[in-house]
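Since the structure comes first, as structure tokens, the remarks are kept for the end.
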Amino acid sequence: MNFKIIGSIFIIVSLVSCSLPKTDLTPDQSSLRDTTNGQVIGGDNGDTHQWLGLQYGSIPDSNFRWKKANTPAAWDGVKETLNFGPSCVQRGSLINTSKRRKWGDMVGSEDCLYLNIWAPKMNPENLKTSAPMPVMLWIHGGSNVSGNADFYNPSALASEHQVIVVTINYRLGPFGWFRHPSIGRTSSDAVNASGNYGNIDTIQALEWVRSNISGFGGDPNNVTIFGESAGGYNVAALLSSPLAKGMFHKAIIQSGGIKPGDINHSESFLEENIPWKNYTSRELTNRLLILKQLARDREDAVSLQNSMSDEEITALLRGASSEEIYESFEASRVNTNEMLRPFPDGVVLDKEGILNALKNGASSDIPTIFGTNRDEIKLFLVTNKRLVRYFFGLPRIRDLQLWNAISSHRSDTWKFLAVDNPVRELSSLGRDNVFAYRFDWDDEPRKYGEDLSDLLGASHAFEIPFVMGNFEEDALTRYILSKKNMNEVKVLSRTMMSYWAEFAYNGDPGKGRSGDQLRWRSWDESSLESPKYIILDSESDQGIVMSSNSITRESLFLGIAEDPNIMDYKMRCELVDIAIRYDNVAADDWLNKFSNGLCENLDPHIEWRHFWYDEDDKPY
């Protein structure tokens, strides 16, 4: 076992796996419901009814790979929906449900488009007279290469606030985002040629919800999409999608982003391993040709691929097994930490990109929440051996001041790119339906000789159990929670659920469903002192407060330049380079302005590789 990865995964596991939904369900006659495909019966999960493994799209074989899925076939009689559907193809890990398989095994199926529903208990007779409830559709994270819908338990959110919660699987990795020119040229329509198959799946799930959710007590005219990390990116993508227009009415982006994928890069050959560049479809095909022993090496594969017709390449790609495709994908990835991003293809996503589409009026009538966690990046830096050392698998911060400085600047970069910059621009256009938050909870205990509040703080994904409202003390307290902080954790969770649910009801988090919370105001650009975003924290710290302190590009770079805890100017240049890389600003101009020429002659992929890459030239 590689102990250095423990720090990056144990916390996610502790936060969500301990509250996995019950799967030992028995049919409950009061959960009998009608769908467009036939009748289903779910199970009793305490205060909610639960329907698991409802198929919203069918991919019967590899000939349907990189196409919009078929509509599932209808059935006679009553189908029991008591078990989750299969995960989408990915590597087995602690963040999927293949716990009986070894880590690293291939798990899942390409025919994986299933959703799950949680709803307050209600007899079928009551559905006819009860007011329809808001629907909240959750899109899971996992860099668009891993994750499952069944990893989350929103039963508390559904029951306490009378909302319908839907969780979905969608295609991942090379099955979800793949643009090969030959696939595009041999596709029957522009949708199938887009490369955004994971996003097509989310739209198809929304189509299913629109057609069926009223039978479960939900309101198809009041649908909120929400997601975290890659799920947040996919929420943002739907905001810019012409195909998703009218299918949802509110959106929440938790620790996501708005930077799209690069179409030209995705369809190209890589002549060298370029750090921070993702895999390409042509390089995956090269690896597949080598794997199938049709080419000796990359040079031979490039020559062969260039000589093949579009039909031959398409047949090769669709004829390969899912394991062969995934192995070729992994072999072709340069930066395994890089998330797969939707492509601005002009069909599934607006060709101008997400932010430009929003600035041009796309989804201007959709109230939207943007948010991040204060210490997002700590979860990812915990495996960097330049910053953290391990004793028998237990992490120790090498230099606390440097650790906090780097994590602060990297997390501020995330907040600037994902929240402050886009929200500021949208607010400046006169939109008053855009809200923002920062999650600050960091009351973890000291464990195994390390203060987890320093090591992890308000890290990536930590807000999820607070939003879902499920905390199982027997498992969770071993890592993050304790008897000392549990009461405040539950209070904060109830507050956050109340805000999220009120937003789902009315498009404004306001004072929460309870009506007695601090009013969460929309981002206000009228003055520097105007409220911008709400801080979500426990009462023993700062509690729930509105803040006017936002991040600009200038303040972000100035903070890096003037930080006395970062003495290595090369490290400062790298922090600026990271921000530039994801911000699409003129790199040379900003590096020169920031460094007075110090960074001008540095090759960012050589000069600081000693810090960000290990001995095998892999990113930490």
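The sequence shown begins at 169 in the numbering used here and counts up by one. Beta carbons: idealized from backbone N, C-alpha and C, even for Gly.
One or two residues paired with residue i in a DSSP bridge
i, result
"K703", "The residue you asked about is not Lys; residue 703 is Ile in the sequence shown. Per DSSP, R606, V713."
"L220", "L220 is not bridged to any residue."
"K235", "DSSP output for K235 lists no bridge partner at all."
"W668", "For W668, which the question treats as bridged, DSSP gives no partner whatsoever."
"V208", "R201, K247"
"E618", "K615"
"I285", "W219, V334"
"V275", "Q258"
"Q372", "Looking at the DSSP assignment, Q372 forms no beta bridge with any residue, so it has no partner."
"Q461", "Beta-bridge pairing links Q461 to no other residue."
Separation of residue j from residue i, as counted between CA atoms
i, j, result
"Y138", "V391", "Not covered by the structure: residue 138. The range shown for the chain is 169 to 788."
"W376", "S477", "37 angstroms"
"A404", "D273", "31 angstroms"
"W609", "W234", "41 angstroms"
"R339", "D731", "42 angstroms"
"R347", "D357", "14 angstroms"
"H819", "P302", "Here the chain covers residues 169 to 788 and nothing more, so residue 819 does not appear."
"E670", "K418", "11 angstroms"
"Y788", "T551", "Its pLDDT being 45, under 50, Y788 is placed unreliably in this model, and the value from its coordinates should be taken loosely. Their backbone Cα atoms lie some 6 angstroms apart in a straight line."
"K652", "V659", "13 angstroms"
"G245", "Q207", "7 angstroms"
"S261", "N360", "30 angstroms"
"E722", "D751", "13 angstroms"
"Y714", "F630", "Per the sequence shown, residue 714 should be read as Met rather than Tyr. Answer to the nearest angstrom: the Cα atoms are 20 angstroms apart."
"E278", "T249", "20 angstroms"
"P613", "Q223", "42 angstroms"
"I648", "T663", "19 angstroms"
"D785", "N505", "Unreliable placement is indicated for D785, whose pLDDT of 49 sits below 50; no coordinate value is reported for it."
"A643", "P699", "Note that A643 scores a pLDDT of 49, beneath 50, so its modelled location is shaky; the value from the coordinates is reported in the next line. In a straight line, the C-alpha of A643 is about 38 angstroms away from that of P699."
"V334", "D430", "31 angstroms"
"N655", "N321", "20 angstroms"
Sequence-distant residues of its chain with Cβ nearer than 7 angstroms to residue i (five each side left out)
i, result
"A469", "N454, L457, I458, A463"
"G521", "P428, P512"
"T581", "L724, I746, A747"
"Y616", "L562"
"G678", "E670, R687, W688"
"S490", "V257, E278"
Residue i vs residue j beta-carbon contact at 8 angstroms
i, j, result
"D611", "S627", "no"
"V257", "F394", "no"
"N337", "C280", "yes"
"M304", "A398", "no"
"S409", "V516", "yes"
"I808", "G400", "Only positions 169 to 788 of the chain appear in the structure, and residue 808 is not among them; the question remains open."
"L743", "H577", "yes"
"P300", "G211", "no"
"R201", "G383", "yes"
"H217", "D196", "yes"
"N791", "G225", "Only positions 169 to 788 of the chain appear in this structure, which leaves residue 791 out of reach."
Classification of residue i by the beta-carbon crowding that lies within 10 angstroms, buried from 16 upward
i, result
"M415", "buried"
"G598", "exposed"
"R353", "exposed"
"S182", "With a pLDDT of 41 at S182, under the threshold of 50, the modelled position of this residue cannot be trusted; read the value that follows with caution. Answer is buried; the Cβ neighbour count reaches 16."
"D318", "buried"
"M739", "buried"
"W571", "buried"
"P254", "buried"
"F560", "exposed"
"P228", "exposed"
"E544", "buried"
"D567", "exposed"
"K583", "buried"
"R557", "exposed"
"R268", "Caution is warranted here: a pLDDT of 49 is assigned to R268, below 50, making its placement in the model unreliable, and the coordinate value is therefore given only provisionally. Exposed, by the Cβ-count rule."
"M735", "exposed"
"L726", "exposed"
"G514", "exposed"
"T194", "exposed"
"S423", "buried"
"D684", "exposed"
Sequence-distant residues of the same chain with beta carbon closer than 6 angstroms to residue i, five excluded per side
i, result
"D215", "S327"
"K546", "S575, L624, G625, S627"
"P856", "The structure shown has nothing for residue 856, since the chain only spans 169 to 788."
"L485", "none"
"T203", "N380"
Contact set for residue i: own chain, Cβ-Cβ below 8 angstroms, skip 5 residues either direction
i, result
"Y447", "P342, F497, S500, R501, V502"
"K791", "With the chain covering 169 to 788 only, the question about residue 791 has no answer from this structure."
CB contact check: residue i to chain B, cutoff 8 angstroms
i, result
"V391", "This model lacks chain B altogether, as it is built from one protein chain only."
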